[in-house]
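Here the sequence shown stands for residues 0 to 150, where the numbers follow numbering that gives the first Met the number 0.
We put the beta carbon where it would ideally sit given N, CA and C, even for glycine.
All figures in this text were calculated on a predicted structure; none of them were measured in a lab.
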Amino acid sequence: MKIELTVNGQHYEADVWAGESLLVTLRDRLELPGSKNACEQGECGSCSVLLDGDLVCSCLVLAAQANGHAVRTVEGLADGDRLHPVQEAFADTGAVQCGFCTPGFVVAAADLLSRVPDPSDDEIREALSGNLCRCTGYSKILDAVHRAAGR
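Printed below as a string of structure tokens:
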């Protein structure tokens with residue numbers, strides 16, 4: 000089936016299988032590998048994107064459901080060569096270790112900060128509760144979100 004969607008401000012058309020996830024379409028058809036394919040069950044958050052401004056796990060959304068909609072991936076957070084404040088803060092605080100979970104955390108944190116400019120630790124923990132990391136212990140991630148909030 001043919002779908003049309005806007006990803007990071009750019010219009011795309013793609014031929015997709017009816018049961019194909021948005022994640023597969025983004026990574027394999029549109030060559031946007033930022034969203035990671037980890038659990039494929041919506042448990043880890045590594046594939047988080049914004050769909051019409053709502054945070055979703057792209058592994059749980061059919062590509063056909065995104066037809067006619069706008070998607071923003073981790074690649075779309077930057078403004079040209081200038082990183083998004085959350086991306087900068089993750090790098091500055093060392094909140095990245097293996098990096099596999101990072102795109103999902105960055106998208107979820109950017110979403111949080113768009114709604115709550117100066118979140119508490121509890122608000123950050125709640126907003127990022129759908130994202131899992133096996134490397135960092137989360138404290139550097141909290142530091143990064145607070146740092147980004149100050150920018």
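The beta carbons of G33 and T72 sit about 5 angstroms from each other, so the pair counts as a contact at 8 angstroms. Here L112 is actually not in contact with V70; their C-beta atoms are around 19 angstroms apart, not less than 8 angstroms.
Non-local C-beta neighbours of L22 in its own chain, meaning closer than 7 angstroms and more than five positions away in sequence, comprise S34, N36, C46, S57, C58, ordered along the chain. Looking at the backbone, the Cα of A90 and that of E74 are separated by about 15 angstroms. The closest CA to that of G103, considering only H83, G93, L127, is found on L127.
R133 counts as exposed, since fewer than 16 other C-beta atoms from the protein chains shown sit within 10 angstroms of its C-beta. Secondary-structure assignment with DSSP links S47 through a beta bridge to C56.
A143 places its beta carbon less than 8 angstroms from that of A88.
The continuous alpha helix (DSSP H) containing D91 extends over residues 84-92. Residue range 1-6 is occupied by the beta strand (DSSP E) that includes L4. Straight-line measurement puts the Cα of D51 at about 29 angstroms from the Cα of K139. Closest option to Q96, judged by alpha-carbon separation, among D80, I123, E122, Y137: Y137.
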